[in-house]
Amino acid sequence: MTAPPPDDCLARNDWICGDYLRTRQQILLDAVAQHLQLTLSSVALGLVIAVPLALLARRRRWTAGPVLGITTVIYTIPSLAMFSLLLPVYGLSATLVVVGLALYSLTLLVRNILAGLDGVPAEATEAARGMGYGPMRQLLTVELPLAVPAAMAGLRIATVSAVALTTVGAIVGYGGLGNLIYAGMNSFFKAQVLTASVLCVLIAVVLDLLLLGAERLLTPWRRTHRRTRVRGVRRRATAATEEPAAAVGRRA
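Read the sequence shown against the working numbering and you will find it ends at 614, with the numbers running on by one and no gaps.
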């Protein structure tokens, strides 16, 4: 006779195991906290670098090609090679992961910020100059706010990418949930691999939704424009249906 399977899901090594969540709660919380810290720090550092680069590329057009080209080349470097190149400078530290992820985010952030600035309507900048706005005031109060939708699109993609790439930091011991994923894969610990992977997905979804909400708060005029456009479409549709009915009434 074969022995019955154990009652403990950890002993059975199930993919879904409530006992794992209960007994490793602190480990999971620490991993999530480290994952968020690495992700947010890298994206923030990427923004600090990307905004001046995008402004430089817009002000001096001859720099746009080199800036975009260099950031694109950086993005094509494999993550293992990137960490190896930065290792002599930062050592085995969290800073190594943060700087590497920040460099990866540059191509997405610079391109979208530059596209947003280039998409600012000429009449808006002309009106600002006509009102006596200086270059800095015009940039801060007119151009950057109007560039928010395109810039936020790049920021959302960069943030979600950073959540995924943070797991690679496990090779230097700073990977957040990636540490649990790699350790679970090495020991074939199913519950740990699945739980850490699901938490990565949840972090990416939550951060993306938060950034989407922030974009809507920062661009209230887009909601007003959308409502106005919808009302215009409805009025045209109503008029289109009323005209044939009126014509039929006249013929009758």
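Just so you know, even glycine gets a beta-carbon here, dropped at the ideal spot from N, CA and C.
- The C-alpha of D570 is placed about 33 Å away from the C-alpha of L372.
- Note on geometry: alpha-carbon atoms of N548 and V555 lie some 10 Å from one another.
- If you draw a straight line from the Cα of G531 to the Cα of G492, it is about 51 Å long.
- L390 has its alpha-carbon roughly 44 Å from the corresponding atom of V504.
- If you look at A566, you'll find it in the alpha helix (DSSP H) that goes 552-580.
- Counting only the Cα atoms, A512 lies some 21 Å from P497.
- Only buried fits F445, as 16 or more other CB atoms lie within 10 angstroms of its CB.
- Residue range 484-492 is occupied by the alpha helix (DSSP H) that includes E488.
- For R422, the secondary structure class from DSSP, reduced to helix, strand or coil, is coil.
- Counting only runs that start and end inside the segment 436-516, the alpha helix (DSSP H) elements of at least 4 residues fall at 441-452, 456-480, 484-492, 497-500.
- Judged by DSSP secondary structure, D381 falls within the alpha helix (DSSP H) whose first and last residues are 380-385.
- According to the DSSP assignment, N548 belongs to the alpha helix (DSSP H) that extends over 539-549.
- Taking 8 Å as the cut-off, the beta carbon of C562 is found no closer than this to the beta carbon of T521.
- In the three-state scheme derived from DSSP, where H, G and I count as helix and E and B as strand, G431 is classed as helix.
- By the criterion of a C-beta distance shorter than 7 Å, T433 is surrounded in its chain by L468, T469, V472, once the five residues flanking it on both sides are discounted.
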